[in-house]
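Following: one structure in structure tokens, then a few remarks.
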Amino acid sequence: MDTAERLDLVTQYAEEVIEEDELRELLEAEDDPSVYIGYAPTGEMHIGHFTTIRKLADFLQADLDVTVLVADLHAHLDDEKSPFDLLDARTEYYQEAIEGMVEAAGANPDDISFVRGMDYQLDEEYSLELYRMAAETTLARSQRAASEVVRESESPNLGGVIYPLMQSLDVKSLDADIAYGGIDQRGIYMLSREMLPEHGHDKPVCLFAPLLAGLTGDKMSSSKDASKVNLTDDPDTVESKIDDAYCPMGEVEDNGVLEYVRYLVFPVLDEWDDSFVVERPEQYGGDLVYERYEELEADFESEELHPADLKSATGSYISEVIDPVRKRLTSQSDLLAKAYPESHE
RNA sequence: CCGCCCUUAGCUCAGACUGGUAGAGCAGUCGACUGUAGAUCGACUUGCCCCCCGUUCAAAUCGGGGAGGGCGGACCA
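The first sequence begins at 1 in full-length UniProt numbering and counts up by one.
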């Protein structure tokens with residue numbers, strides 16, 4: 001596989017690359033550059049996470065060395081989103097869910113290295129470096145970096161300003177060439193690019209995935225159940241959530257349903273070598289078949305494809321895509337019960 | 001260590017002075033209208049009023065104690 005092909009795989013479906021030239025050089029210079037993404041094990045994982053995880057399959061295919069950090073300490077530092085004594089259980093659940101999603105994306109979870117934050121973040125060397133970073137960073141700088149990630153509050157905790165420093169240091173500790181994450185992570189990684197050269201590590205190339213719009217017409221929110229599909233939602237629930245979604249006819253911008261189709265369904269169908277079939281009643285013109293997302297979007301924009309027909313097709317595809325994850329998680333209900341005792345008694 | 005303020009629906013808060021077992025907005029649910037959803041209209045739901053003790057016929061409301069949170073001061077030989 002040549003560099004152009006690898007570059008294409010690595011950057012497809014990405015929201016932004018900082019900087020593309022650096023990435024090209026990296027791919028040219030290294031056979032297997034390292035990329036990492038971190039997840040703080042807080043709330044239950046949902047389909048939004050799938051967007052970022054799905055791409056790990058592309059990375060593997062492009063011969064990248066992929067590391068997933070389960071950032072347990074971060075989950076607690078961020079306004080105690082996860083109570084300290086649930087970190088073990090949630091870490092275990094996250095790894096299982098992530099492996100399930102990798103598998104659903106058509107890759108082998110064994111090809112990915114999983115690392116747990118506290119396994120190295122308490123080391124002497126790491127701690128000292130962190131204190132040095134703290135000494136050279138203003139509160140305002142750190143807060144600005146983390147503002148899209150850390151929960152905002154009238155009385156912010158110190159944890160929230162340590163958070164982006166640690167995340168920057170993680171890039172170094174994991175020896176990552178590429179820092180990958182949702183576009184909400186941009187602020188933190190721009191801080192990393194500023195700081196890391198002073199701390200003995202190259203500026204990471206940053207690769208950001210889009211954050212999918214929610215199903216209710218605003219941002220997807222993990223606390224708003226109707227705005228997202230959960231990995232453990234049964235097919236009926238998935239279909240009714242899609243069916244209830246905000247989806248104006250012909251409107252392509254910020255349309256959650258279309259984004260699901262674009263970033264989740266089509267990439268996976270591509271993997272399966274399948275096309276997207278819309279079953280449509282004869283009175284409205286009969287079935288439609290799409291090979292590429294762009295064709296579907298064009299039809300939707302021209303109002304040839306009605307939202308109701310799009311929804312019913314999307315609902316069943318999404319359900320099918322998450323099915324392996326759903327099975328994996330529901331067959332281990334004790335994992336969820338331990339990680340989220342309040343919602344899974 | 002000292003002082004002051006806050007804690008009521010999922011969320012933001014009103015009600016406390018002048019005791020009579022709770023309200024608004026948002027959110028949510030359900031209908032109507034749309035070949036979807038939204039918008040709009042109509043209806044509906046929601047509560048250990050932070051905890052304990054006391055006063056009283058009666059306490060979200062008054063008194064005492066406690067917990068959690070916030071703000072400020074003092075200390076800086």
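All C-beta atoms in this analysis are idealised placements derived from N, C-alpha and C, irrespective of residue type, glycine included. None of these values were measured; they are calculated from a predicted model.
Contact belief for residue i with residue j at Cβ below 8 Å, rounded distance in angstroms
i	j	result
Ala140	Val102	Not confirmed; about 38 Å, so no contact.
Leu174	Thr67	6 Å
Asp309	Arg280	5 Å
Ile188	Ala146	6 Å
Val115	Leu69	5 Å
Gly256	Glu301	That pair is no contact at about 16 Å.
Ala226	Asp244	6 Å
Leu264	Phe59	About 17 Å; that fails the 8 Å criterion.
Val261	Thr314	6 Å
Leu73	Gly117	5 Å
Ser275	Glu291	5 Å
Arg151	Ala105	With a Cβ gap of about 29 Å, Arg151 and Ala105 do not count as contacting.
Glu20	Thr3	The pair is not a contact, with the Cβ atoms about 12 Å apart (cut-off 8 Å).
Glu15	Ile183	5 Å
Through-space distance from residue j to residue i, alpha-carbon basis
i	j	result
Gln61	Asp270	14 Å
Arg6	Leu23	10 Å
Tyr284	His306	9 Å
Val79	Leu158	As written in the sequence, residue 79 is Asp, which differs from the Val given in the question. So the alpha carbons of these two residues sit roughly 9 Å apart.
Ile277	Pro341	For clarity, residue 277 is Val in the given sequence; the question names Ile instead. Their Cα atoms are separated by approximately 40 Å.
Thr52	Asp88	23 Å
Met190	Gly160	17 Å
Ser113	Leu196	23 Å
Val252	Leu77	37 Å
Pro204	Asp32	15 Å
Phe266	Thr216	22 Å
Gln121	Glu148	23 Å
Gly162	Ser142	Rather than Gly, the amino acid found at residue 162 in this sequence is Ile. Those two C-alpha atoms are separated by around 8 Å.
Ala75	Glu282	51 Å
Met45	Ala97	7 Å
Gly181	Ala209	6 Å
Leu329	Val17	33 Å
Val325	Ala135	43 Å
Leu165	Gln185	13 Å
Asp63	Gly286	43 Å
Ser343	Ala337	8 Å
Ala71	Ser82	11 Å
Ser333	Glu99	16 Å
Leu212	Gln12	15 Å
Ala107	Asp273	15 Å
Thr138	Glu198	16 Å
Ala176	Leu26	12 Å
Phe84	Gly214	29 Å
Opening and closing residue of the alpha helix (DSSP H) in which residue i lies
i	result
Glu25	20-29
Ser113	Where Ser113 is concerned, there is no enclosing alpha helix (DSSP H), although the beta strand (DSSP E) it sits in stretches over 113-116.
Val268	266-272
Tyr293	293-301
Leu7	3-11
Gly256	256-260
Lys228	Counting along the chain, Lys228 falls outside any alpha helix (DSSP H), and DSSP gives it neither H nor E.
Ser319	307-330
Lys338	333-339
Asp243	235-243
N- and C-terminal bounds of the beta strand (DSSP E) containing residue i
i	result
Gly38	34-39
Ile278	Per the sequence shown, residue 278 should be read as Val rather than Ile. From DSSP, the beta strand (DSSP E) with Val278 extends over 276-278.
Ala209	205-209
Leu288	288-290
### Task
Mind listing, in chain order, the continuous alpha helix (DSSP H) runs of no fewer than 4 residues lying wholly within the segment 120-187?
Listed in chain order, the alpha helix (DSSP H) runs fully inside the segment 120-187 are 124-135, 139-146, 159-173, counting runs of at least 4 residues.
### Query
Contact between the segment 24-39 and the segment 223-237: three or more CB pairs below 8 Å?
no
### Query
Which ranges would you report for the alpha helix (DSSP H) in the segment 62-102 if only whole runs of at least 4 residues count?
72-77
### Query
For the 8 Å Cβ check, are there 3 or more pairs between the segment 191-204 and the segment 220-227?
no
### Query
Is there contact between the segment 166-180 and the segment 125-137, where contact requires at least three CB pairs shorter than 8 Å?
yes
### Task
Kindly confirm or deny that the segment 40-48 and the segment 82-100 touch, where touching means at least three C-beta pairs closer than 8 Å.
The answer is yes - the segment 82-100 touches the segment 40-48, with three or more Cβ pairs under 8 Å.
### Task
May I ask you to verify whether the segment 318-334 touches the segment 232-248, counting CB pairs closer than 8 Å and requiring at least 3?
yes
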